[in-house]
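Protein chains in written order, with the UniProt record's numbering: chain A, 1 to 259; chain B, 1 to 356. Every residue gets a Cβ at the ideal spot worked out from N, C-alpha and C, and that includes glycine. If you're wondering where the values come from, they're calculated on a predicted model, not measured in any experiment.
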Amino acid sequence: MAKSIDVSDVNIYYGDFKAVEGVNMTIKAKAVTAFIGPSGCGKSTFLRTLNRMHEVIPGARVEGKITVSGQDLYDPGVDPVEVRRMVGMVFQRPNPFPTMSIYDNVLAGNRLNSKKLKRAEADAIVEKSLRGANLWTEVKDRLNKPGMGLSGGQQQRLCIARAIAVEPQVLLMDEPCSALDPISTAAIEDLIHELKDSYTIVIVTHNMQQAARVSDETGFFNLKAAGQPGHLVEFNPTKKMFTNPDNESTEAYISGRFG
Amino acid sequence: MSAVDISRSERLYSGRLPAYAPYLVLLTAFAASGLLALLLGWGLVAFAIVGGLIAVVALPAWSAVVENRRAATDRLVTSVIWAAFAVTLVPLVWLVWVVISKGIPAITAAFLTHDMVQRLDPVTGKLEAGGGLEHALIGTLLVTLGAIVISVPIGLFTAIYLVEYGKNNRVGRIITFLVDVMTGIPSIVAGLFALALFTLIFGVGTRMGLMGSIALSLLMIPTVVRSAEEMMRLVPNDLREASYALGVPKWRTIVKVVIPTALGGIITGVVLAISRVIGETAPLLVAVGAAEAVNTNLVNGRMMTLPVFIMTQYLTATPEGFARAWGGALILIAIVMVLNLVARVISMIFAPKTGR
Numbered sequence: 001m002a003k004s005i006d007v008s009d010v011n012i013y014y015g016d017f018k019a020v021e022g023v024n025m026t027i028k029a030k031a032v033t034a035f036i037g038p039s040g041c042g043k044s045t046f047l048r049t050l051n052r053m054h055e056v057i058p059g060a061r062v063e064g065k066i067t068v069s070g071q072d073l074y075d076p077g078v079d080p081v082e083v084r085r086m087v088g089m090v091f092q093r094p095n096p097f098p099t100m101s102i103y104d105n106v107l108a109g110n111r112l113n114s115k116k117l118k119r120a121e122a123d124a125i126v127e128k129s130l131r132g133a134n135l136w137t138e139v140k141d142r143l144n145k146p147g148m149g150l151s152g153g154q155q156q157r158l159c160i161a162r163a164i165a166v167e168p169q170v171l172l173m174d175e176p177c178s179a180l181d182p183i184s185t186a187a188i189e190d191l192i193h194e195l196k197d198s199y200t201i202v203i204v205t206h207n208m209q210q211a212a213r214v215s216d217e218t219g220f221f222n223l224k225a226a227g228q229p230g231h232l233v234e235f236n237p238t239k240k241m242f243t244n245p246d247n248e249s250t251e252a253y254i255s256g257r258f259g
Numbered sequence: 001m002s003a004v005d006i007s008r009s010e011r012l013y014s015g016r017l018p019a020y021a022p023y024l025v026l027l028t029a030f031a032a033s034g035l036l037a038l039l040l041g042w043g044l045v046a047f048a049i050v051g052g053l054i055a056v057v058a059l060p061a062w063s064a065v066v067e068n069r070r071a072a073t074d075r076l077v078t079s080v081i082w083a084a085f086a087v088t089l090v091p092l093v094w095l096v097w098v099v100i101s102k103g104i105p106a107i108t109a110a111f112l113t114h115d116m117v118q119r120l121d122p123v124t125g126k127l128e129a130g131g132g133l134e135h136a137l138i139g140t141l142l143v144t145l146g147a148i149v150i151s152v153p154i155g156l157f158t159a160i161y162l163v164e165y166g167k168n169n170r171v172g173r174i175i176t177f178l179v180d181v182m183t184g185i186p187s188i189v190a191g192l193f194a195l196a197l198f199t200l201i202f203g204v205g206t207r208m209g210l211m212g213s214i215a216l217s218l219l220m221i222p223t224v225v226r227s228a229e230e231m232m233r234l235v236p237n238d239l240r241e242a243s244y245a246l247g248v249p250k251w252r253t254i255v256k257v258v259i260p261t262a263l264g265g266i267i268t269g270v271v272l273a274i275s276r277v278i279g280e281t282a283p284l285l286v287a288v289g290a291a292e293a294v295n296t297n298l299v300n301g302r303m304m305t306l307p308v309f310i311m312t313q314y315l316t317a318t319p320e321g322f323a324r325a326w327g328g329a330l331i332l333i334a335i336v337m338v339l340n341l342v343a344r345v346i347s348m349i350f351a352p353k354t355g356r
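Below is the structure:
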């Protein structure tokens with residue numbers, strides 16, 4: 001079910017401002033790809049173009065080709081809603097729906113798309129997704145309590161459960177651990193390792209140790225100067241990236257000698 | 001106090017007034033004012049004003065002597081705020097008290113179940129008015145219901161457009177401006193508009209309850225739009241993005257995520273709008289007129305409404321008329337009160353839950 005993503009010559013704009021330019025890469029299926037780079041270099045922006053969430057912002061647009069199993073995501077005939085069903089996303093801050101219980105939050109993707117589910121099917125999806133997100137044992141006795149009552153780390157895992165409940169092919173994670181403590185972060189990193197078997201995962205992180213721990217491939221984004229568009233500096237297997245990078249600025253950034 | 005001599009700027013200790021100080025001051029102030037009132041023969045108003053003034057001045061003064069300057073300022077501002085609160089409460093309590101005390105005697109079973117049509121009394125053999133407000137109660141409920149049915153969908157859809165689609169475009173700005181202008185329409189103009197509209201369509205002399213509903217909805221729509229817009233803007237964008245990222249179309253996101261999250265506030269806004277229009281007299285008098293009998297048909301003939309009933313009863317200038325006017329006023333306030341309570345309950349049920 002996991003799919004690889006081919007990106008060629010992608011430029012991303014906010015109105016007239018070019019935020020990211022000339023990105024080429026191939027994101028492998030059933031692997032974890034991490035994006036690192038300084039703030040404002042466009043890694044989150046690029047991540048959001050992979051499921052057409054970028055265009056939710058007024059004036060935002062994308063040039064170039066992003067293909068998943070031979071289909072260009074930005075073809076005029078492609079429905080962004082279908083793209084987002086195939087490419088799920090977890091956000092920086094946990095954002096469970098405040099009006100819904102834990103149970104309903106997990107089913108939100110199915111229910112909101114008005115899929116009719118039998119009670120047994122719904123229960124099965126909830127249990128499978130919560131187990132997949134390593135949250136089942138913690139919440140199985142209080143599925144009907146509000147999702148907002150969980151701790152931050154639990155809320156984030158609830159959001160991951162919600163994202164995998166619709167069985168996407170690709171899972172995008174935009175700094176999923178930046179609002180969490182080290183223990184919750186470890187729980188989510190373990191989860192990423194497990195999810196890798198069935199999903200293509202792309203993760204943006206500010207934490208280079210995290211990128212080194214969880215990812216198979218890493219992309220380094222950087223800015224030429226303030227006000228200039230961000231661009232992809234280097235894209236290599238994580239091991240090579242952290243031991244023997246091709247590019248000098250990558251080495252400087254990773255080793256902390258940046259600027 | 002301390003053995004070591006420390007300079008004033010380094011001292012951490014200062015005197016403290018006891019916790020009961022404000023109550024003591026209040027008691028003393030009103031006792032003093034009461035004494036003065038007895039001696040000089042003042043009325044209740046002068047007694048209350050002087051008592052309040054003494055308290056507001058005395059507490060900060062005492063604090064300035066015992067405590068420090070910052071504490072005295074704090075006490076002064078606190079006293080002024082409490083005084084302002086009390087002053088605001090006076091007209092409200094007064095109004096409710098007067099309406100209840102004058103309205104209760106008028107409210108009987110017959111008052112609620114009769115209209116004002118004159119009928120031949122079988123016992124006395126004389127023509128007597130019904131002496132009730134059933135027709136006005138039914139009329140007000142129907143006309144207001146009509147106004148809700150018209151204005152809530154329009155107002156809600158306008159707010160959805162403004163928040164979700166027309167955020168920065170020209171149409172959105174024009175609509176916002178027009179809604180602001182609409183807020184300022186004098187209510188009688190809304191009544192005249194409804195009258196003119198129906199006269200144009202159905203001819204001169206047309207009277208129906210629906211005209212009142214139209215007039216009231218003109219007054220309700222801007223309030224509904226404004227409050228729904230504010231509430232939907234408060235829904236965090238994170239939730240919309242979370243929903244889009246699950247592959248939910250925009251319209252479903254609005255219906256299933258944005259509106260439920262904002263529902264408590266939207267309902268409160270609608271109820272405030274209803275409370276605002278349910279007591280409108282002028283537009284209803286112009287558009288719907290007055291009637292003596294129960295009329296449950298919104299699209300045919302004049303209807304009585306509570307505000308118009310109160311006014312016509314007051315204009316009779318008879319003791320029975322005055323009594324009925326007060327009774328009608330009490331019923332009107334009770335309806336608004338019940339609406340507010342219902343809205344509270346509904347918004348409590350739908351409020352986002354944070355419990356564990």
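Considering only Pro58/A, Phe220/A, Glu127/A and Ala163/A, the residue with the shortest C-alpha distance to Ala245/B is Ala163/A.
Interface annotation, Pro22/B: not in contact with chain A, CB-CB separation never under 8 Å. Taking 8 Å as the cut-off, the Cβ atoms of Ser215/A and Val32/A count as close. The beta carbon of Ser184/A sits closer than 6 Å to those of Gly153, all from its chain and outside the five residues before and after it, given in chain order. Excluding the 5 residues flanking it on each side, Gly172/B has same chain C-beta neighbours closer than 6 Å at Leu162 and Gly166, in chain order.
DSSP lists His231/A as the bridge partner or partners of Glu21/A.
Residue-level contact check: Thr316/B does not touch chain A, since none of the beta carbons of chain A fall below 8 Å from its beta carbon. Bridge partners of Ser8/A according to DSSP: Lys65/A. For Arg252/B, the closest Cβ of chain A is nearer than 8 Å. A Cβ of chain A is located within less than 8 Å of the beta carbon of Leu239/B. Counting C-beta pairs with one atom in each stretch, the stretch 199-210 of chain B and the stretch 125-133 of chain B have fewer than three that are closer than 8 Å, which means they do not touch. With respect to Val225/B, Val257/B sits apart: the two C-beta atoms are not nearer than 8 Å. In this structure, Lys196/A sits near Lys30/A, with a CB-CB distance shorter than 8 Å. If you keep only unbroken alpha helix (DSSP H) runs of at least 4 residues inside the stretch 84-141 of chain A, you get 102-112, 119-132 and 136-139. Residues are counted here when their Cβ sits less than 9 Å from a Cβ of chain A; for the stretch 94-115 of chain B the count is zero.
Listed along the chain, the chain A residues whose CB falls inside 7 Å of the CB of Thr261/B are Pro98 and Thr99. In the DSSP assignment, Val170/A forms a beta bridge with Val87/A and Thr200/A. The DSSP-derived three-state label of Asp180/B is helix. For a Cβ distance threshold of 7 Å, residue set Phe97 of chain A lies close to Val257/B, ordered along the chain. If you draw a straight line from the Cα of Arg93/A to the Cα of Leu306/B, it is about 52 Å long.
DSSP links Pro146/A through a beta bridge to Ser101/A. With respect to the 8 Å criterion, Ser101/A and Leu143/A are classified as neighbours on the basis of their beta carbons. Three or more Cβ pairs closer than 8 Å define a contact, and the stretch 236-255 of chain B meets that threshold against the stretch 79-93 of chain A. Going by beta carbons, Gly59/A and Gly15/A fall inside the 8 Å limit. Residue contact check for Leu246/B against chain A: a CB pair falls below 8 Å. With contact defined as three or more Cβ pairs closer than 8 Å, the stretch 215-231 of chain B and the stretch 148-160 of chain B are in contact.
In this structure the stretch 77-89 of chain B does not lie against the stretch 258-270 of chain B, because fewer than three pairs of beta carbons, one per stretch, are closer than 8 Å. Taking 8 Å as the threshold, the shortest C-beta distance from Ala242/B to chain A falls below it.
Taking 9 Å as the upper bound on Cβ-Cβ separation, chain B lies near no residue of the stretch 64-75 of chain A. The stretch 258-278 of chain B makes no contact with the stretch 110-130 of chain A: fewer than 3 CB pairs, one atom from each, lie closer than 8 Å. Under the 8 Å Cβ criterion, the stretch 224-240 of chain A does not count as touching the stretch 60-70 of chain A, having fewer than three qualifying pairs. Counting along the chain, the unbroken alpha helix (DSSP H) around Arg157/A starts and ends at Gly152 to Ala165.
Proximity of chain B to Val81/A at the Cβ level (cut-off 7 Å) is accounted for by Gly247 and Pro249, in chain order.
Below the 9 Å Cβ cutoff, chain B contributes no neighbours of Pro176/A, its closest Cβ being approximately 13 Å away. Distance from the CA atom of Thr281/B to the CA atom of Val308/B, rounded to whole angstroms, is 6 Å. Between Glu63/A and Asn11/A, the C-beta gap is smaller than 8 Å, which places the two residues in contact.
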